[in-house]
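Asks:
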Amino acid sequence: GEGAACPYPDGLYFVSLQPAASAAQIVSAIIAALDWHPPERGNPTAELLAHLRDKRLLLILDNFEHLVAEAALVQELLHGAPNVKIVVTSREVLNLAEEWLFAVEGMALPAEDAAEGDGDAPPTSDAVTLFVQRAQRVRRHFALAEDQVDVVRICRLVEGMPLAIELAAAWLRSLACAEIAAELQRGLEILHSDQLGIPDRHRAMRVVFDHSWQLLDQDERELLKALSVFQGGFLREAAEAVAGATPTLLAALADKSMLRMTAEGRYSIHELQRQDAAERLAHSPERGVAIRNRHSSYYLHFITHPRQSYFGEESKRLVAAIDAEIGNILAAWYWAVDHDRIGDLYPAIDGLYRFAYLSTHHAEGARAFRYAIDALRHGPADDAHRIACASALESHAVLDIMLGHDRDVAEELLESIALVRDLPTARRELASAIGGLAWSKHIKLESAEAKALFLEAAELNQEIGDF
114 GEGAACPYPD
124 GLYFVSLQPA
134 ASAAQIVSAI
144 IAALDWHPPE
154 RGNPTAELLA
164 HLRDKRLLLI
174 LDNFEHLVAE
184 AALVQELLHG
194 APNVKIVVTS
204 REVLNLAEEW
214 LFAVEGMALP
224 AEDAAEGDGD
234 APPTSDAVTL
244 FVQRAQRVRR
254 HFALAEDQVD
264 VVRICRLVEG
274 MPLAIELAAA
284 WLRSLACAEI
294 AAELQRGLEI
304 LHSDQLGIPD
314 RHRAMRVVFD
324 HSWQLLDQDE
334 RELLKALSVF
344 QGGFLREAAE
354 AVAGATPTLL
364 AALADKSMLR
374 MTAEGRYSIH
384 ELQRQDAAER
394 LAHSPERGVA
404 IRNRHSSYYL
414 HFITHPRQSY
424 FGEESKRLVA
434 AIDAEIGNIL
444 AAWYWAVDHD
454 RIGDLYPAID
464 GLYRFAYLST
474 HHAEGARAFR
484 YAIDALRHGP
494 ADDAHRIACA
504 SALESHAVLD
514 IMLGHDRDVA
524 EELLESIALV
534 RDLPTARREL
544 ASAIGGLAWS
554 KHIKLESAEA
564 KALFLEAAEL
574 NQEIGDF
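Written as structure tokens, this is what we have:
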């Protein structure tokens, strides 16, 4: 407030270290920023310490990540000039005892439900405001209300990263917001600029990520590529099982700002960084397939639980755990479908059905079932595929019945019954499909047919001991 003493009466100084490559060059950059001329014959570091010893000032050392090996100089400055404060920006921690870490997150995004807001009340947030400001530089009359859904989508896709928002907005000279969002979902190539006056390191996100990549050793690079298969974050045990991670390597990636960790112990990768790592993994297709197979097996097994687990108090814990992994589970499901991993897919069908019903992910569950059904209908005709298809048809139909959807599910249930009617190893699936058809008849007040079907399902369940 007015009259308050300035905490840095000797000034605030910004020191760009991007060109520096040694401790001596760090010292030279600080001296230049201070606009101070030390004696020509002295030791520059000693002279700088002597100059700063009684000063009360703030040094901002920018882009320190490639100089972490020289972090002892920062410690020397802090000890030799106790009234000097230093802010260091770095993608890698310095590992100094004096260090206080502050993670720089993306800009604030609109609330989750804001993207579908009406045109009279466009969503506001720091990220959207920055996009609009940059958009109006290249399209003077740009109005958020006309493109609010796509603008929010763009800001979410880049997770509020300011540079990425600026690079995306610049494309409004030639693309609509919907086209920019679609390009972002395809990859990073759109995030570059040829405008004059932009530093080379800010011309493209690819340049930023290449710089970060150079900070990693080989083991860290291989792990980051493997971790790119996760969708929506992951827990340590999943990283160990799928990607061969170790606590030491996970900590190293976190120290280099490649991973973020929540208080609950969940890791995540910035989506743009994940896309970059995934593209690098694609250069090793055999390894990529092996990792994605492990990912698919892990998460489909994750939702495979005894039916009784989805009842009572245990179901709340289970549904919450699955809900946190829905991105990984759906990615695992679609991979298993696309690669005909029937041994992983079939046991997970019941789990996905029960989770989709008990959670808020009804639409995602229904889409996943339709996708599997379409693939299984055109797949091999062996018993395993017939049973899986019948189970998916029955689960999809019964999910709609339980959710009260107004559609005729009898055709799907009849198809399910026909697939397994003559298979002695599929009596459970047959009983479920017949029971589902009975429910559909009951809802339509076709009582006589419903009663006969309920009795048939009950007899089958008694036969297999499932009652």
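So that you can map any letter, position 326 of the sequence shown is 439 in the working numbering, and since no number is skipped, the others follow by simple counting. Using N, Cα and C, we set each Cβ at its ideal position, and we do this for glycine too. The model shown is predicted, which means the values in this text are computed figures rather than measured ones.
Just curious, the alpha helix (DSSP H) that residue 338 is in, first and last residue?
Replies: On the sequence shown, residue 338 is found 225 positions in, with the first residue counted as 1. Unbroken alpha helix (DSSP H) run through residue 338: 331-340.
Asks: By the three-class DSSP mapping on this structure, what secondary structure does residue 120 have?
Replies: To locate residue 120, count along the sequence shown from 1; it is residue 7. Residue state, collapsed to three classes: coil.
Asks: Pull up the distance between the alpha-carbon of residue 570 and that of residue 502, whole angstroms please.
Replies: Position 457 of the sequence shown, counted from the start, is the residue given in the question as residue 570. Position 389 of the sequence shown, counted from the start, is the residue given in the question as residue 502. Residue 570 and residue 502: Cα-Cα distance of roughly 19 Å.
Asks: Per DSSP, what are the beta-bridge partners of residue 347 in this structure?
Replies: Locating residue 347 in the sequence shown gives position 234, where the first residue counts as 1. In the DSSP output, where bridge partners are listed per residue, residue 347 has 380.
Asks: Take residue 348 and list the residues in its own chain whose beta-carbon comes closer than 8 Å to its own, dropping the five residues that flank it on each side.
Replies: Here residue 348 is taken as the residue at index 235 of the sequence shown, counted from 1. Cβ neighbours of residue 348 beyond the five flanking positions: 378, 379 and 380.
Asks: Nearest to residue 338 by CA position, among 389, 497 and 473, is which residue?
Replies: Here residue 338 refers to the residue found at position 225 of the sequence shown. When each option's Cα is compared against that of residue 338, the closest is 389.
Asks: Spatial neighbours of residue 147 within its chain, please: CB distance less than 7 Å, with the 5 preceding and 5 following residues excluded, ordered by chain position.
Replies: Residue 147 sits at position 34 when you count from the first residue of the sequence shown. Closer than 7 Å at Cβ, skipping near neighbours: 126.
Asks: For a minimum of 4 consecutive residues, which ranges assigned as the alpha helix (DSSP H) are wholly contained in the region 357-411?
Replies: The qualifying runs are 360-368 and 384-394.
Asks: Pull up the CB-CB distance for residue 540 and residue 573, whole angstroms please, since I reckon it's below 8 Å.
Replies: Translated into positions along the sequence shown, residue 540 becomes position 427. Translated into positions along the sequence shown, residue 573 becomes position 460. About 6 Å separates the two Cβ atoms, so the contact holds.
Asks: Using CA coordinates, which residue listed in 346, 152, 359 and 414 is at the minimum distance from residue 387?
Replies: Along the sequence shown, read from residue 1 onward, the residue named residue 387 stands at position 274. Out of 346, 152, 359 and 414, 346 has the C-alpha closest to the C-alpha of residue 387.
Asks: Between which two residues does the alpha helix (DSSP H) holding residue 624 run?
Replies: This structure leaves residue 624 out entirely; the chain is present only between 114 and 580.
Asks: Would you check if the region 460-468 and the region 415-425 touch, i.e. whether three or more CB-CB distances between them fall below 8 Å?
Replies: As far as the Cβ criterion goes, the region 415-425 touches the region 460-468, which means the pair count is three or higher.
Asks: Can you tell me which of 446, 384, 436 and 375 puts its alpha carbon nearest to the alpha carbon of residue 410?
Replies: One-based indexing of the sequence shown puts residue 410 at position 297. The residue with the shortest Cα to Cα distance from residue 410 is 446.
Asks: When the distance is taken between beta carbons, is residue 220 closer than 8 Å to residue 151?
Replies: For this step, residue 151 is matched to residue 38 along the sequence shown. For this step, residue 220 is matched to residue 107 along the sequence shown. For residue 151 and residue 220, no; Cβs fall outside 8 Å.
Asks: Using the three-state DSSP reduction, which class does residue 442 fall into: helix, strand or coil?
Replies: Locating residue 442 in the sequence shown gives position 329, where the first residue counts as 1. It is helical.
Asks: If you count every other CB in all the chains shown that lies within 10 Å of the CB of residue 158, and 16 or more means buried, which is it?
Replies: Locating residue 158 in the sequence shown gives position 45, where the first residue counts as 1. Buried is the call here.
Asks: Would you kindly check if the distance between the Cβ of residue 477 and the Cβ of residue 504 is under 8 Å?
Replies: Mapped onto the sequence shown, residue 504 falls at position 391. Mapped onto the sequence shown, residue 477 falls at position 364. Not closer than 8 Å, so no.
Asks: Where does residue 512 fall in DSSP's three states?
Replies: Within the sequence shown, residue 512 is the residue found at index 399, counting from 1. Here residue 512 sits in helix by DSSP.
Asks: At the level of alpha carbons, what is the spacing between residue 292 and residue 261?
Replies: By 1-based counting over the sequence shown, the position of residue 292 is 179. By 1-based counting over the sequence shown, the position of residue 261 is 148. Each residue's Cα considered, the two are about 14 Å apart.
Asks: Count Cβ pairs between the region 359-375 and the region 451-458 that sit closer than 8 Å; are there 3 or more?
Replies: Output reads no: the region 451-458 does not touch the region 359-375.
Asks: What is the rounded straight-line gap between the Cα of residue 90 and the Cα of residue 336?
Replies: The displayed coordinates of the chain run from 114 to 580. Any statement about residue 90 would go beyond what the structure contains.
Asks: Could you give the first and the last residue of the continuous alpha helix (DSSP H) run that contains residue 265?
Replies: On the sequence shown, residue 265 is found 152 positions in, with the first residue counted as 1. Residue 265 -> alpha helix (DSSP H) spans 257-270.
Asks: If you draw a straight line from the C-alpha of residue 438 to the C-alpha of residue 281, how long is it?
Replies: Position 325 of the sequence shown, counting from 1, holds the residue named residue 438. Position 168 of the sequence shown, counting from 1, holds the residue named residue 281. Whole-angstrom Cα-Cα distance: 29 Å.
Asks: Residue 135: buried (16+ other C-beta within 10 angstroms of its C-beta) or exposed?
Replies: If you number the sequence shown from 1, residue 135 lands on position 22. With fewer than 16 Cβ atoms within 10 Å of its Cβ, residue 135 is classed as exposed.
Asks: Going residue by residue through the region 455-517, where are the continuous alpha helix (DSSP H) segments of at least 4 residues, counting only ones entirely within it?
Replies: Entirely contained in the region 455-517, the alpha helix (DSSP H) runs reaching 4 residues are, in chain order, 455-471, 475-490 and 496-515.
Asks: Helix, strand or coil for residue 611? Go by DSSP, reduced to three states.
Replies: No answer is possible for residue 611: the residues shown for the chain start at 114 and end at 580.
Asks: Taking the alpha-carbon of residue 204 as reference, which of 121, 324, 352 and 245 has the nearest alpha-carbon?
Replies: Mapped onto the sequence shown, residue 204 falls at position 91. Residue 204 has its Cα closest to that of 324, out of 121, 324, 352 and 245.
Asks: Where does the unbroken beta strand (DSSP E) through residue 128 begin, and where does it stop?
Replies: Residue mapping note: residue 128 aligns to position 15 of the sequence shown, counting from 1. Where residue 128 is concerned, the enclosing beta strand (DSSP E) stretches over 125-129.
Asks: Once the 5 residues before and after residue 200 are set aside, which same chain residues still bring their CB inside 6 Å of it?
Replies: Along the sequence shown, read from residue 1 onward, the residue named residue 200 stands at position 87. The residues are 173.
Asks: If residue 64 sits next to residue 485, beta carbons under 8 Å apart, how far is it from one beta carbon to the other, in whole angstroms?
Replies: Any answer about residue 64 is impossible in this case: the structure gives the chain only from 114 up to 580.
Asks: Assess contact between the region 162-169 and the region 178-196, defined as three or more Cβ pairs (one per stretch) separated by less than 8 Å. Is contact present?
Replies: With a cut-off of 8 Å, the region 178-196 and the region 162-169 count as touching, because enough Cβ pairs lie within range.
Asks: Cβ atoms of residue 552 and residue 514: under 8 Å apart, would you say?
Replies: What you label residue 514 is simply residue 401 of the sequence shown in a count that begins at 1. What you label residue 552 is simply residue 439 of the sequence shown in a count that begins at 1. In this structure, residue 552 lies closer than 8 Å to residue 514 by Cβ.
Asks: Between which two residues does the beta strand (DSSP E) carrying residue 200 extend?
Replies: Taking the sequence shown and counting its residues from 1, the one referred to as residue 200 is at position 87. Taken as a continuous stretch (DSSP letters only), the beta strand (DSSP E) holding residue 200 covers 198-201.
Asks: Could you pull out every residue in the same chain whose Cβ sits closer than 6 Å to the Cβ of residue 252, ignoring the five residues on either side in sequence?
Replies: Counted from its first residue, the sequence shown places residue 252 at position 139. If we look at residue 252 and ignore the five residues flanking it on each side, its Cβ neighbours are 285.
Asks: From this set, 382, 368, 139 and 210, which residue's C-alpha is nearest residue 175's C-alpha?
Replies: One-based indexing of the sequence shown puts residue 175 at position 62. With distances taken between Cα atoms, residue 175 lies closest to 139.
Asks: If you reduce the DSSP assignment to three classes, tell me which class residue 526 lands in.
Replies: On the sequence shown, residue 526 is found 413 positions in, with the first residue counted as 1. Helix, per DSSP.
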